[in-house]
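Encoded as structure tokens, the structure appears first; notes follow it.
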Amino acid sequence: MSVGPFPSIAHCARRVLADARSGLGGFGIAINAEKVVTCQSDRVLSGVIRNATLRYPDGAGVVVAMRLKGARSTRVAGADLWLEILRQSRGRPLPLALIGAAPEILERTRRRLSEEFPNVRVVLARDGYQGSRDTQALADALITAKPQLVFVALGSPRQELLIDSLRGVYPAAFYLGLGGSFDIYSGAKKRAPLWMQRSGLEWLYRFLKEPSRAHRETKRLRFLAMLLTGRL
């Protein structure tokens, strides 16, 4: 899969915002070691990723792999990207849809966004439980609300599969999967210290906080093996 190189998060945010404002829409996917390995055996997810209009490196391993192939890029963390997009949108109205997280987390996220970004108008908010189960009802709501940006925080691959379905009905918006970003933004969870983020160890912090992620981290080792043996 091809992954776009970006000299900074700001450059990637500018691309997303331009596509969202254009009315042509799009679909941005964060590419990390786990997704690369999963795609080796998951044809459905692999197809969804190929359908994306933007693939950006959200993992230190992917950045290293790109550099080995001659493409230099910064790491574009999804938890930073969506907020940079909103910062760059200041000064112009931006209709936005939020999908995902627990109801109370979603509400806290919506309230904080309205305080920090007065130009942002949340035209649709659906939680990651009852609110996002009926795909057709959700698609109908998007058609009515007409957001330019749709942030989906359901975790992978659920968010990517939902986005792929929604785009078939409402393609005018730009969709971005955000994983657990609403939890972090609302204060429900803490992100790794800045030094771990900058040194590519954010995955280790998440693993230490949530040991149940162990089965996911084995994919990181498989990615490393693929990288060392030239299978990427």
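The opening residue of the sequence shown carries number 32 in my numbering; numbering runs sequentially from there. Heads up, the beta-carbon is just placed ideally off N, CA and C, and yes, glycines get one too. Keep in mind it's a predicted model, so treat the numbers as computed, not measured.
(request) Could you tell me the distance, in whole angstroms, from the CA atom of residue 193 to the CA atom of residue 99? (result) Here residue 193 refers to the residue found at position 162 when the sequence shown is read from its first residue. Here residue 99 refers to the residue found at position 68 when the sequence shown is read from its first residue. Using only the alpha carbons, I get a separation of about 33 angstroms.
(message) Along the chain, where does the alpha helix (DSSP H) containing residue 155 start, and where does it finish?
(response) Walking along the sequence shown from the start, residue 155 turns up at place 124. Careful: residue 155 lies outside any alpha helix (DSSP H), inside the beta strand (DSSP E) at 151-157.
(message) Are the CB atoms of residue 130 and residue 104 within a distance shorter than 8 angstroms?
(response) Within the sequence shown, the letter at position 73 stands for residue 104. Within the sequence shown, the letter at position 99 stands for residue 130. Contact flag unset, no.
(request) Taking only the alpha-carbon atoms, compute the straight-line gap between residue 146 and residue 140 and give it to the nearest angstrom. (result) Taking the first residue of the sequence shown as 1, we reach residue 146 at position 115. Taking the first residue of the sequence shown as 1, we reach residue 140 at position 109. Rounded to whole angstroms, residue 146 to residue 140 spans 10 angstroms at the Cα level.
(message) Need the endpoints of the beta strand (DSSP E) that residue 134 sits in, please.
(response) In the sequence shown, counting from the first residue as 1, residue 134 sits at position 103. Note, residue 134: premise wrong, no beta strand (DSSP E); alpha helix (DSSP H) at 134-147.
(message) List, from N- to C-terminal side, the beta strand (DSSP E) runs of 3 residues or more that fit wholly inside the segment 166-241.
(response) 180-184, 205-208
(message) When you compare the CB positions of residue 83 and residue 59, do they come within less than 8 angstroms of one another, or not?
(response) To locate residue 83, count along the sequence shown from 1; it is residue 52. To locate residue 59, count along the sequence shown from 1; it is residue 28. Result yes, Cβ atoms of residue 83 and residue 59 sit closer than 8 angstroms.
(request) To the nearest angstrom, report how far apart residue 167 and residue 197 are at their CA atoms. (result) Here residue 167 corresponds to residue number 136 of the sequence shown, with the count starting at 1. Here residue 197 corresponds to residue number 166 of the sequence shown, with the count starting at 1. When rounded, the distance between both Cα atoms is 8 angstroms.
(request) State yes or no: is the C-beta of residue 62 within less than 8 angstroms of the C-beta of residue 93? (result) Locating residue 62 in the sequence shown gives position 31, where the first residue counts as 1. Locating residue 93 in the sequence shown gives position 62, where the first residue counts as 1. Yes; because the gap between Cβ atoms is below 8 angstroms, this pair is in contact.
(message) Residues in the same chain with beta-carbon distance under 6 angstroms from residue 127, minus the five sequence neighbours each way, listed in chain order, please.
(response) Reading the sequence shown from its first residue, position 96 is the one you call residue 127. Correct list, in chain order: 151, 153, 178, 180.
(request) Find the nearest neighbour of residue 36 within the set 90, 48, 69, 208, judged by alpha-carbon distance. (result) Residue 36 sits at position 5 when you count from the first residue of the sequence shown. Of the listed residues, the one whose Cα sits closest to residue 36 is 90.
(request) State yes or no: is the C-beta of residue 191 within less than 8 angstroms of the C-beta of residue 76? (result) Walking along the sequence shown from the start, residue 191 turns up at place 160. Walking along the sequence shown from the start, residue 76 turns up at place 45. Cβ atoms of residue 191 and residue 76: closer than 8 angstroms.
(request) Measure the alpha-carbon distance for residue 230 versus residue 182 and round it to whole angstroms. (result) Residue 230 sits at position 199 when you count from the first residue of the sequence shown. Residue 182 sits at position 151 when you count from the first residue of the sequence shown. When rounded, the distance between both Cα atoms is 27 angstroms.
(message) I'd like the span of the alpha helix (DSSP H) that includes residue 18, first residue to last.
(response) Only positions 32 to 263 of the chain appear in the structure, and residue 18 is not among them; the question remains open.
(request) Could you spell out the range, first to last residue, of the alpha helix (DSSP H) harbouring residue 128? (result) Along the sequence shown, read from residue 1 onward, the residue named residue 128 stands at position 97. That residue, residue 128, is in no alpha helix (DSSP H); its beta strand (DSSP E) goes 125-131.
(request) Please confirm if residue 54 has its CB atom under 8 angstroms from at least one CB of chain D. (result) Checking the listed chains, one finds no chain D in this structure; it contains a single protein chain.
(request) Please determine, among 101, 74, 125, 215, the residue with the shortest C-alpha to C-alpha distance to residue 136. (result) Within the sequence shown, numbered from 1, the residue matching residue 136 stands at position 105. Ranking 101, 74, 125, 215 by Cα distance to residue 136 puts 215 first.
(message) Here's the rule: buried if 16 or more other CB atoms are within 10 angstroms of the residue's CB, otherwise exposed. What is residue 221?
(response) Looking up residue 221 in the sequence shown gives position 190. Exposed, since its Cβ has fewer than 16 Cβ neighbours within 10 Å.
(message) I'd like to know if the segment 204-213 and the segment 111-119 are in contact, where contact means that at least 3 CB-CB pairs between them fall below 8 angstroms.
(response) yes
(message) Mapping the DSSP letters down to three states, classify residue 35 as helix, strand or coil.
(response) For the purposes of this step, residue 35 is identified with residue 4 of the sequence shown, where counting begins at 1. Correct three-state label for residue 35: coil.
(message) Give me the residue from 44, 68, 65, 64 with the minimum Cα distance to residue 57.
(response) Taking the sequence shown and counting its residues from 1, one reaches residue 57 at position 26. The option with the nearest alpha carbon to residue 57 is 44.
(message) Quick check on DSSP: helix, strand or coil for residue 83?
(response) Taking the first residue of the sequence shown as position 1, residue 83 is located at position 52. Coil, per DSSP.
(message) Beta-carbon within less than 6 angstroms of residue 185's beta-carbon, same chain only, minus the 5 sequence neighbours each way: which residues are those?
(response) Against the sequence shown, residue 185 aligns to sequence position 154. So the list reads 131, 159, once near-sequence residues are dropped.
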